[in-house]
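Q: What follows is a single structure, and I will ask about it in a moment.
Numbering (my numbering), first residue to last: 65 to 254.
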């Protein structure tokens, strides 16, 4: 990842946190934004050039792991999972002497927390990464209007080149056009 890609990723992710969840109450938009900001604050700057996409990083130059293999930083997906683990309260609220019941309650509480609280953070960071450096279509559920709301000064050319044709589906069937031709309700796969 280049420094320019990193800045685009971070900017997109923060803008998404500010606009996509602006009316959210649980979690609040402020919490989503704070969590996305903290993720970027904790990201090791020396790892940034090794980031390729959500599921892969390059190896550290001249560094081996404890097994003598080439070492690499955790992929962003795993780093985000570990980061969000610190925020999850489910392990503190489940108290039961029956291990099977406790494990099932922890699993359900974890899934509920992840869907409600972790999901918005994942969406912002994943969509930003995919759009900035390695498009992979990892985030759905947002529209052209959502992107336009993120960039009131105008959607940057790097995000959707003006000559790039996009295919989108609305209730009337599939259509195509440049980003500027898309209606606000056109669904996007980021």
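Backbone N, C-alpha and C define an ideal beta-carbon position, used for all residues, glycine too.
So the alpha helix (DSSP H) residue 205 belongs to, where does it begin and stop?
A: Not the alpha helix (DSSP H): residue 205 falls in the beta strand (DSSP E), residues 204-207.
Q: Are at least three pairs of beta-carbons, each pair with one atom in the stretch 142-151 and one in the stretch 181-191, less than 8 Å apart?
A: yes
Q: By the 10 Å Cβ neighbour count, where 16 or more other Cβ atoms means buried, how is residue 218 classified, buried or exposed?
A: exposed
Q: Under the DSSP definition of a beta bridge, which residues are partnered with residue 252?
A: 206
Q: How do the stretch 188-208 and the stretch 75-91 stand: do at least 3 beta-carbon pairs fall below 8 Å, yes or no?
A: yes
Q: Whose C-alpha, out of 210, 227, 103, is nearest the C-alpha of residue 251?
A: 210
Q: DSSP three-state call for residue 201: helix, strand or coil?
A: coil
Q: Between the alpha carbons of residue 228 and residue 164, how many angstroms are there, rounded?
A: 53 Å
Q: Could you check if residue 204 is buried or exposed, using at least 16 other CB atoms within 10 Å of its CB as the buried criterion?
A: exposed
Q: Thinking residue 201 and residue 253 are a contact (beta carbons under 8 Å), I'd like their distance in whole angstroms, please.
A: 5 Å
Q: With distances taken from CA atoms, which of 86, 91, 225 is nearest residue 176?
A: When each option's Cα is compared against that of residue 176, the closest is 91.
Q: Output the distance between the C-alpha atoms of residue 108 and residue 83, rounded to the nearest integer angstrom.
A: 26 Å
Q: With 8 Å set as the bound, which would you pick, yes or no: does the beta-carbon of residue 181 sit closer than that to a beta-carbon of chain B?
A: Given the protein chain composition of this structure (a single chain), no chain B is represented.
Q: Rounded to whole angstroms, what is the Cα-Cα separation between residue 222 and residue 115?
A: 19 Å
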